[in-house]
Structure formats: C-alpha cells, structure tokens
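A short worksheet on the structure shown next.
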Amino acid sequence: MTLHTLRTLALTTLAAALVLAGCNAGAPGVTEVPLATQAAQTVQAMLTQVSLAATSTATVALPPPSATLPPATPTLPMPLLPSATASLIFTPAFYGTAGVHPTLTTFCNAAFFVGDIGSTRDGSVLAAGETYRKTWDVRNIGTCTWSREYRLVFNGGKHMDGPDWARFPQIVGPGDHLFLSVTMIAPAKPGTYIGYWMLQAPDGSKFGVGDNGLTPLTVKIVVP
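Here this note's numbering is used: the first residue of the sequence shown is 1110, the next is one more, and so on.
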C-alpha cells in the first residue's frame, strides 16, 4: 500500500469517527469517550504505519564501496639524447708550447710552425726605430735531417733592415725542432709592417710550413 493511500485512509477514518461522535451526542445511553478513543487509536495506528512506510521509503541503499584503485604510475620524462653538436673540439693556438708533436710526413723537407717565441709576436706594437728580435719555433716533420747548411731566407714583404738570410744554428733530425731568429729595426713611419721568411735547403730549394709546405713564416709589427 502506498503512502498516499495510507494517508487518505487515515484521514477518512478520522472524519468518520468525528461524524459518529457527533451523531451519538444526542442519543441516550451512548458514551462518547470510548468511541472517540477507539477512533483515535485507529488513526494513531494508521499514522504509525504511514511513518514506518515513509522511513522505509526514505532509506536509500548506499552503493557498495568502490574498489581501491591502484596508485597511478608517474610518467617519467623521456631522457634527452646527446646532440651531435653538443661536443666541441677545441684546437689551441701554440705559442712556443713544448711537447707539440705533429704528424711526420713522407716529404724530405717539411716544417711545422710551433709558435712565436719571446716578446715580439705578430701584432706587437713597437716604437719607430726600435731594434727587436723575432724568433720562430719550427719543427722538422720531414724525412731529411736539417744540417747547418739549411738557411732561413727573406722572401718578401718589409725587410725592416733585417739580414737576407740566417744559417741554421744546429742540426735538426726528423721530429726535432729549433729556434730561428733574426734581428730587425722598426720603420720610422707609423703603420703596419709584415715580412715573409722561408726555409731553404742546401740545394737552393725553398719550403715553408702548413699543409702544402708553401706558407712562409711571418713577422708583423705595428708602429703607432
């Protein structure tokens, strides 16, 4: 039986009880109290049923507890792959650094410029008329031994009152090196001055440094 039906029946019973009580009021020998009491008890019982039905209807079954979900697995970032351009190769410039061993060649006469020695390096600023000494560190990377008959010869540019040539000061075998020096004088006029020098074998053939053996040794100064 629905809640609406129970409520309607209770109200109808109560109304009927009241009507009967009113009718019996004028009849002799009829007691009002028991009849009203019975009606009230009947209505009370019906209202109790209505209340229980409402409570039963209002009770909502709770859903069963959901299953515990496993903890989420964190997403790890993808590792960064090393870039092909990340590694840089640094080639130092040597200025009289000891321990430089370039690869030997199969040529008889071949040289490697190790660096400038002393205070007068390419780009040095000198006063007009100042006497200075230029020294190059050169290594023998050929197959022939350099005797004292080998020379350092002027090959162009600004001579700056230097000699035309200078003899090798020592014998230099393959893989060894030596210092070659010339003394010059800075010009009187301001400017940038460059002179070129080559190595010369006893047979008169000239050779320089660099991959092709044709690069001359240089002296470069600035007169302010």
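Just so it is clear, CB atoms sit at the ideal spot from N, CA and C, and this is done for glycine as well.
Burial of Leu-1326 is indicated by the presence of at least 16 other C-beta atoms within 10 angstroms of its C-beta.
Excluding the 5 residues flanking it on each side, Pro-1299 has same chain C-beta neighbours closer than 8 Å at Ala-1237, Val-1332 and Pro-1333, in chain order. By the Cβ criterion, the stretch 1280–1287 is in contact with the stretch 1251–1258, since at least three pairs of Cβ atoms, one from each stretch, lie closer than 8 Å.
Straight-line measurement puts the Cα of His-1268 at about 13 Å from the Cα of Ala-1275.
One alpha carbon belongs to Val-1234, the other to Lys-1329, and they sit about 9 Å apart. Per DSSP, His-1268 lies in no beta strand (DSSP E) and is assigned neither H nor E. The alpha-carbon separation between Leu-1323 and Thr-1212 amounts to approximately 17 Å. A straight line joining the alpha-carbon of Arg-1260 with that of Gln-1279 spans about 11 Å. Here Ile-1250 carries a coil assignment [DSSP, helix/strand/coil].
Tyr-1305 is bridged by DSSP to Gly-1265 and Thr-1327.
Between Val-1247 and Val-1291, the CB-CB gap reaches or exceeds 9 Å. Residue environment analysis places Thr-1229 among the buried positions, since at least 16 neighbouring C-beta atoms fall within 10 angstroms of its C-beta.
Listed as beta-bridge partners of Arg-1260 by DSSP are Arg-1276 and Gln-1309.
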